[in-house]
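**Student:**
Protein chains in written order, with the UniProt record's numbering: chain A, 1 to 232; chain B, 1 to 232; chain C, 1 to 232; chain D, 1 to 232.
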């Protein structure tokens, strides 16, 4: 049995949630799970349908994006995952999907405005949309640069990856992360729900105001603050 | 066996309907069922996924919002339920969800206009949207004040909770109620359908008129009036 | 065994298709099937959930809307069915739903424009929307008058119920019919699909033209004309 | 056993995917699979519900559209398939559906703009919409002419059927193709997803720009280029 069996299992289970949550069709998405002690992560093999996945065909990759174990080629987005794990110390899992509503916002190149408490339960700010990458970045090491584009976007907006666990890459699609692969998947489904409701909100009331500060703070604090009283 | 077993069962069954009716994902919603004689209600525990619910992990709470029986922390919205039960004598169940279309209207801070007989079968008026709460109310006892905001909204609009069994809380999401927890869940699903159709109606015809009085009265009366002839 | 067993079975089977085709929630809809020789039809009982239906609890009603056999009260829309059967000699089944997109068009009080061949496979004209009824008609024998409103609408637009098997009742919802109850259900599902696509078409291109005459005729003729070559 | 058993099986399997992928209701669609050596293709029989299909009731047709084997009448769109197989040497399967979003774009008579990398993973250009056919073409050999309309559309836009495997026929609906029937079905599902996201993108940002050239090339090349690194 592989010494990476635990993250292969974790990545496998998390990948299998994507079609169940209607976040992907065919092979449109990937999840990884990291082992910080070993400095590697397990990720979906490229282009393999979800029904053919097993824990054993997850690919083990290091933070430079090189395969450490596994017979299949890893996801084409592997280097983006590698960069995020390498720069952000505390995340345990990463998800990339082309889910319908979040991708539409990414294609629109707009941040998703914070319109309600569903959003505020997860973020105190608009969900950031990184601008499309420069031609130089695209023509270079593209997936590697995608990771840097995400990191730069949060930095320029003064956001902390420990608090904001989701981003749109302009013209492309969403990435989410979290303490575990399962939490990163959870965040992808929440992002899709928020993206859908934000579009509808603007359709119902084109001048709908952003959520007021008192509600933003209250909802985030009751779920994430020092005196939080949500959950067990 | 608990002396509250009957409301634990009722609350459990009603909570389990929410994901089946596509009104919630993950833990986004809660249902309670009241025992008027005992002055308590059973409510979903906070942050527990629906697949892990059992009748036994429902939490028994009194009308001041204090836990009477149960090992888990009750829903973070418990005090809102407590206020509504304490002020409204005849309701037997309450539901809170973040269902997609009803929440989008709440985020838009608009009442849902009465456009058709589907709406009139349930309400003779626009579905009210309570304004977002004042900063003072939010920073105080938030969930308790949410209950008061709902009660005030109906009062100011001259509406009777026995006839209008659904409300939107501005920037937040819907609450519904009814004679039983099952009826309150039914109302949540109906509200979601009405919210969806109202948005589509405005998209198809931005100057669609509200339903005329004769149709409003006819449909409500045939379902709820003295000479009603709907149902068995 | 009832002498009406065959239409009870037919009505039962057709009613059970409505939730499977996502055309109804709860008790929002009803189907009937007629026996022309006996001058009666079988219809869903009022307010009974689909999961509780059986062939035996279908109600047998004559063309005056009076119950001939059955312990339960028939659908509240029974008199509308009775009028249509009595005026239109060749129809064998009728369906009423509050399906989402068709109902939104009814609430918008607009005919559904013919934008494509999907529509033309079923109708050569816009799907008619009957105007809301006069207050006098509503306050009188409402469901009976609804039937007359439908008949008048087709007459005024010069349409033949043998060719146009679907209508919207303004501010209310769709009715469809056909040679059998199953065909009437089929028409309800097709209407819902056409209603959805017509809304999207206007959103994508607000000045989308109606389908040209040559295509309307070609598609309708290949499916319904003397030289039809669709189906077996 | 038929000498065409392999394409009957292939066409049957591919047809059965259409309802599973929510691309058709009732009999709204058809798939064919070709045997180049024999100069024939297997196609769905006309108007037969998917649940009644078997490999054996697929119809074998030659490139002139004449039935070679089979008791049932072939799909009414058979001559369109025949023309495409006869003109385009390397395609192995063809799909026609009336899927909701792709059909709405066809009804709108607009090409689908390339807004993101999901689109670029499949095409470097807007998805073409052929203009509605001339009255002469419609009144003549309609389905045969539909095939020519598709071929002319690609030719006039300078597109190669080996690279662009999907088209909208104005006022009608989409056609897709591929090296196998399964790949053609895959393309139909992808087209539907792209069509949905493009509509949402324009709703979120009416002035959303088309995808920049560097991203178009990068995404297409990494999946289809000489140095492709997507898949196994």
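Every residue gets a Cβ at the ideal spot worked out from N, C-alpha and C, and that includes glycine. The structure displayed is predicted, hence computed values, not measured ones.
1) When you check each C-beta in the region 105 to 124 of chain D against every C-beta of chain E, which residues fall closer than 8 Å?
2) Once you ignore the five residues that flank residue 167/A on each side, which residues in its own chain have a CB closer than 8 Å to its CB?
3) Give me the Cα-Cα distance between residue 22/D and residue 101/D, rounded to the nearest whole angstrom.
4) Considering only C-alpha positions, which residue in the set 67/A, 41/A and 190/A is nearest to residue 11/A?
5) Note down the Cα distance separating residue 122/C from residue 87/C, rounded to an integer number of angstroms.
6) Would DSSP call residue 74/B helix, strand or coil?
7) Cα separation between residue 230/B and residue 46/A?
8) Looking at the strands, I want to know which residues DSSP matches up with residue 175/A.
9) Using the rule of at least 16 other Cβ atoms within 10 Å of the residue's Cβ for burial, across every protein chain shown, is residue 33/C buried or exposed?
10) Which residue or residues does DSSP assign as beta-bridge partners of residue 34/A?
11) Taking a cut of 7 Å between CB atoms, which residues from the region 130 to 142 of chain A lie near chain D?
12) Using the three-state DSSP reduction, which class does residue 135/A fall into: helix, strand or coil?
13) Any idea what DSSP makes of residue 29/C, helix, strand or coil?
14) Give a yes or no on whether 9 Å exceeds the smallest Cβ distance from residue 186/B to chain C.
15) Note down, in chain order, all residues in the region 28 to 62 of chain A with a beta-carbon under 8 Å from any beta-carbon belonging to chain D.
16) State yes or no: is the beta carbon of residue 244/B nearer than 9 Å to at least one beta carbon in chain C?
17) Taking Cβ positions, are residue 141/D and residue 211/C nearer each other than 9 Å?
18) So is residue 182/C in contact with chain B if we call contact Cβ pairs under 9 Å?
19) Counting only beta-carbon atoms, is residue 214/B nearer than 9 Å to chain C?
20) In chain order, what residues of the same chain have a beta carbon less than 7 Å from the beta carbon of residue 97/D, not counting five sequence neighbours either side?
21) Residues of the region 66 to 88 of chain A with a CB closer than 7 Å to any CB of chain D: list them in chain order, please.
22) Less than 9 Å between CB atoms is the rule here; does residue 25/D satisfy it with respect to chain C?
23) Quick check on the burial criterion: 16 or more other C-beta atoms within 10 angstroms. Buried or exposed for residue 74/B?
24) Quick check on the DSSP output: the alpha helix (DSSP H) that includes residue 295/B runs from which residue to which?
25) Spatial neighbours of residue 50/B within its chain, please: CB distance less than 6 Å, with the 5 preceding and 5 following residues excluded, ordered by chain position.
26) Are the Cβ atoms of residue 203/C and residue 208/B separated by less than 9 Å?
27) Does DSSP put residue 130/C in a helix, in a strand, or in coil?
28) If the cut is a Cβ gap below 8 Å, which residues of chain A does residue 246/D touch?
29) Taking residue 95/D as the reference, give the member of 116/D, 218/D and 16/D with the closest Cα.
30) Going by the C-beta, is residue 31/D closer than 8 Å to any heavy atom of the ligand COA?
31) Measuring alpha carbon to alpha carbon, tell me which residue in 54/A, 214/A, 218/A and 139/A is nearest residue 135/B.
32) One question on the structure: do residue 68/A and residue 4/A come within less than 9 Å of each other, judged by their Cβ atoms?
33) For residue 76/A, which residues in the same chain have their Cβ closer than 6 Å to its Cβ, ignoring the five residues on either side in sequence?
34) By DSSP's criteria, residue 60/D is part of a beta bridge. Which residues make up the other side?
35) Along chain B, in chain order, which residues have C-beta atoms closer than 7 Å to that of residue 18/A?
36) Report yes if the CB atom of residue 183/C is closer than 9 Å to the CB atom of residue 93/C, and no otherwise.
**Tutor:** Based on what the coordinates show:
1) Of the protein chains in the structure, A, B, C and D, none is chain E.
2) Within the first chain, residue 167/A is the residue found at index 167, counting from 1. Here the set comprises 127, 128, 129, 130, 150, 153, 154, 174, 175 and 176.
3) Here the question's residue 22/D lines up with position 22 in the fourth chain. Here the question's residue 101/D lines up with position 101 in the fourth chain. Spanning the two alpha carbons is a distance of roughly 11 Å.
4) Counting from one through the first chain, the residue named residue 11/A turns up at place 11. With distances taken between Cα atoms, residue 11/A lies closest to 41/A.
5) Residue 122/C sits at position 122 when you count from the first residue of the third chain. Residue 87/C sits at position 87 when you count from the first residue of the third chain. Cα to Cα, the separation comes out at about 22 Å.
6) Stepping through the second chain from its first residue, residue 74/B is reached at position 74. Residue 74/B: strand per DSSP, three-state reduction.
7) Here residue 230/B is taken as the residue at index 230 of the second chain, counted from 1. Here residue 46/A is taken as the residue at index 46 of the first chain, counted from 1. Rounded to whole angstroms, residue 230/B to residue 46/A spans 57 Å at the Cα level.
8) To locate residue 175/A, count along the first chain from 1; it is residue 175. When beta bridges are read from the DSSP output, residue 175/A appears opposite 96/A and 167/A.
9) Numbered from 1 along the third chain, position 33 holds the residue referred to as residue 33/C. Residue 33/C comes out buried.
10) Start at 1 with the first residue of the first chain, and residue 34/A comes out as number 34. Partner(s): 41/A.
11) Residues of the region 130 to 142 of chain A that bring their beta carbon within less than 7 Å of a beta carbon in chain D comprise 132, 135, 138, 139 and 142, in sequence order.
12) For the purposes of this step, residue 135/A is identified with residue 135 of the first chain, where counting begins at 1. Under the three-state reduction of DSSP, residue 135/A is assigned to helix.
13) As a working note, residue 29/C is residue 29 in the third chain. Correct three-state label for residue 29/C: strand.
14) The count along the second chain starts at 1 and reaches residue 186/B at position 186. Closer than 9 Å to some Cβ of chain C, the Cβ of residue 186/B qualifies, so yes.
15) Here the close residues are 28, 45, 46, 47 and 48.
16) Beyond the ends of chain B as shown, which are 1 and 232, falls residue 244/B; an answer cannot be given.
17) Position 141 of the fourth chain holds residue 141/D. Position 211 of the third chain holds residue 211/C. No, Cβ-Cβ distance for residue 141/D and residue 211/C is not below 9 Å.
18) By 1-based counting over the third chain, the position of residue 182/C is 182. Residue 182/C has a beta carbon lying at 9 Å or more from every beta carbon in chain B.
19) Taking the first residue of the second chain as position 1, residue 214/B is located at position 214. Yes - at least one Cβ of chain C is within 9 Å of the one on residue 214/B.
20) Residue 97/D sits at position 97 when you count from the first residue of the fourth chain. Exclusion of the five residues before and after residue 97/D leaves 18, 23, 24, 28, 29, 173, 174 and 188 as the residues of its chain whose Cβ lies within less than 7 Å of its Cβ.
21) Against chain D - using a Cβ distance shorter than 7 Å - the residues of the region 66 to 88 of chain A are 72, 73 and 76.
22) Taking the first residue of the fourth chain as 1, we reach residue 25/D at position 25. True, the Cβ-Cβ gap to chain C drops below 9 Å.
23) Here residue 74/B refers to the residue found at position 74 when the second chain is read from its first residue. Answer is buried; the Cβ neighbour count reaches 16.
24) This structure gives no information on residue 295/B, because the portion of chain B shown stretches from 1 to 232.
25) As a first step, residue 50/B must be located in the second chain, where it is residue number 50. Contacts found: 19.
26) The residue you call residue 203/C lines up with position 203 of the third chain. The residue you call residue 208/B lines up with position 208 of the second chain. The criterion of a C-beta distance shorter than 9 Å is not satisfied by residue 203/C and residue 208/B.
27) Locating residue 130/C in the third chain gives position 130, where the first residue counts as 1. If DSSP states are grouped into helix, strand and coil, residue 130/C belongs with the strands.
28) This structure does not reach residue 246/D, given that chain D is present from 1 up to 232, and the question cannot be answered.
29) Position 95 of the fourth chain holds residue 95/D. Among 116/D, 218/D and 16/D, the Cα nearest to that of residue 95/D belongs to 16/D.
30) This structure lacks the ligand COA, and indeed carries no ligand of any kind.
31) In the second chain, residue 135/B corresponds to position 135, counting from 1. Checking every option, the nearest Cα to that of residue 135/B belongs to 214/A.
32) Working through the first chain from its first residue, we reach residue 68/A at position 68. Working through the first chain from its first residue, we reach residue 4/A at position 4. Yes.
33) In the first chain, the residue the question calls residue 76/A occupies position 76. For residue 76/A, where only same-chain residues beyond five positions count, the Cβ hits under 6 Å are 46.
34) Counting from one through the fourth chain, the residue named residue 60/D turns up at place 60. Answer is 42/D and 69/D, bridged to residue 60/D.
35) Walking along the first chain from the start, residue 18/A turns up at place 18. Taking the beta carbon of residue 18/A as reference, no residue of chain B falls within 7 Å; the closest one sits roughly 14 Å away.
36) Along the third chain, read from residue 1 onward, the residue named residue 183/C stands at position 183. Along the third chain, read from residue 1 onward, the residue named residue 93/C stands at position 93. Yes; because the gap between Cβ atoms is below 9 Å, this pair is in contact.
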